[in-house]
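The structure appears below as C-alpha cells.
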Amino acid sequence: MTTVGAVPPTGRQPQDRSEQGAAEVANQGQGDTPTTGGGGGGIDTALRPVVADAVGAAGFELEELDVSTAGRRRLVRVIIDSLDGDNSANAVGLDEVARVSRELAAVLDEHDAVLGGPYTLEVTSPGTDRPLTRPRHWKRNRLRLVKVRPVEGAEYLGRVGDADAEETGGVTLLVDGAPRRVGYAEVAHAVVEVEFKQPPAAELAMLDGRASEDEEDAR
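In this note's numbering, the protein residues as written are 45 to 263.
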C-alpha cells in the first residue's frame, strides 16, 4: 500500500496510490551528493541502486534518498535533479516531478518486501538553498552570487564564472572585482545568495571576457 506525494517547486500535485486515499506532500528539498538518511537503516542502502536506476531511466539524476519511519509507515524522500546542469530543457518542474513520482512508485511497489510494509513516497527537486557540492551545481549557477566558506579562512561572496567538470578541478569566482581560482577541495560550504536586483553589468562582462580567454587558451 503506497501513498505518493509529488512535490513541485510551487503548489501541490499528489498522486494517490493508497487504499486510504490520503496523499501527504512535503515541500522541502536541499540537494547534495547522492546520500542516504539514517532513519531507514539498511533499507536506504538496499533501495538506492533501484531508485537511482528508476530516476535515471526517467532522464534525471538522484540527488538524495532518505528512508525514515513515520508511525507505522516508511517515509521515502527522494530528491531529483536534471542530468545536465546547463540544459534548461531538462529542468525539474511540476510535471517532471509528478511523472517521476508515478514511475518510481511503480518500481518501489515491486520491492515492497524491502520496505516491509506501507510507505509514503515524497519526490522533490532541490531547493535554492542547497549547498553547491558537485561540479554541475557550480556550472548550473554560472553568473550567480554565492557565499563561500572555505576550508581555511573567512567567508566571502563571489560571482560564479567557469567551472570545471572534474571533481578534482575548481571554479573561477569574481571576488571584490577580481577573478579568483578556487579548487573544489578548498570549499567547505557554498550556497547561492538571493539577489533582488540585476547583477552589475561590469561583473557579468568581466566573467564573459574571462570565459573567452580561457577558450582561446584551450585551443
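Where is the CB? At the ideal position from N, CA and C, for every residue including glycine.
All figures in this text were calculated on a predicted structure; none of them were measured in a lab.
Paired residues, beta bridge with residue i - DSSP
i	result
tyrosine 200	Val192
phenylalanine 240	According to DSSP, which records beta bridges pairwise, phenylalanine 240 is partnered with nothing at all.
glycine 223	A small correction: the amino acid at residue 223 is proline; glycine does not occupy that position in the sequence shown. Answer by DSSP bridge pairing, in chain order: Leu218.
arginine 146	According to DSSP, which records beta bridges pairwise, arginine 146 is partnered with nothing at all.
isoleucine 124	Leu106
serine 112	Leu119
valine 151	Per DSSP, none; premise fails for valine 151.
Beta-carbon separation (whole angstroms), residue i vs residue j, contact threshold 8 Å
i	j	result
valine 99	valine 111	With 8 Å as the limit, valine 99 and valine 111 do not qualify as a contact, their Cβ atoms being about 15 Å apart.
arginine 186	glutamate 247	At roughly 12 Å, the Cβ-Cβ gap does not stay under 8 Å, so arginine 186 and glutamate 247 are not in contact.
leucine 189	leucine 201	6 Å
For residue j and residue i, the rounded distance between their alpha carbons
i	j	result
alanine 222	proline 243	15 Å
leucine 91	valine 158	8 Å
leucine 152	alanine 245	49 Å
isoleucine 123	alanine 101	15 Å
alanine 150	leucine 127	22 Å
aspartate 208	valine 226	11 Å
glutamate 199	glutamate 154	47 Å
alanine 234	arginine 193	6 Å
threonine 113	leucine 165	12 Å
valine 219	glycine 115	49 Å
Test item: CB-CB of residue i and residue j under 9 Å
i	j	result
proline 179	glycine 205	no
arginine 224	proline 162	no
glutamate 105	aspartate 125	yes
lysine 191	glutamate 237	yes
Buried versus exposed, by CB contacts within 10 Å (16 or more), residue i
i	result
proline 93	exposed
glutamate 239	exposed
serine 256	Legend: pLDDT at serine 256 = 48, less than 50; position of this residue unreliable, value from coordinates given subsequently. Exposed.
aspartate 97	exposed
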